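Notes for the one structure printed next.
In my numbering, the protein residues as written are 0 to 154.
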């Protein structure tokens, strides 16, 4: 990327919701740094030489689980001084026809040099959103636990 504030929305679509695996692979190779890192509630890729190679199978696994991934980039903030792009992205991830709620994801990009690359990506899920993906019938149990914790703080 040469202008991350203008290009990042399209990059997000290419790496998460490309029309086919070849386009997705080309986007990962073009826009992710070779030593990128990834944090997710269910997996992690530490920064290392060629760690990008571990990211592509995860993204393609997402495509297998949810062939219709949709993402909405509602806000892009570019800090020119620190060369960091912050995004507010809501991703709709349905596991093969499951009527699950969308789970918000947080992406942090740390560009380098004149051509900006994705150096770090962190997906953030609230506990009830993560449960919506893993075991939807247990969402109410997780929400009850969260409310109980809130109540315990008041006592």
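Every residue, glycine too, gets a C-beta built ideally from N, C-alpha and C. Keep in mind that this is a model prediction, so the values were computed, not measured.
Extent of the continuous beta strand (DSSP E) run through residue 64 = Stepping through the chain shown from its first residue, residue 64 is reached at position 65. Careful: residue 64 lies outside any beta strand (DSSP E), inside the alpha helix (DSSP H) at 51-64.
Consult DSSP for residue 77 and reduce its assignment to one of helix, strand or coil.
-> Residue 77 sits at position 78 when you count from the first residue of the chain shown. Residue 77: strand per DSSP, three-state reduction.
Starting from residue 68, trace the alpha helix (DSSP H) both ways and give me its first and last residue.
-> Taking the chain shown and counting its residues from 1, one reaches residue 68 at position 69. Segment: none, residue 68 is in no alpha helix (DSSP H) and carries neither H nor E.
Do the region 42-55 and the region 21-32 meet, that is, are 3 or more Cβ pairs less than 8 Å apart?
-> yes
Could you tell me whether the Cβ atoms of residue 169 and residue 46 are closer together than 8 Å?
-> This structure does not reach residue 169, given that the chain is present from 0 up to 154, and the question cannot be answered.
Give a yes or no on contact between the region 2-11 and the region 74-85, applying the rule of three or more CB pairs nearer than 8 Å.
-> yes
Per-residue DSSP class, three states only, for residue 30 | For the purposes of this step, residue 30 is taken as residue 31 along the chain shown, with counting starting at 1. It is helical.
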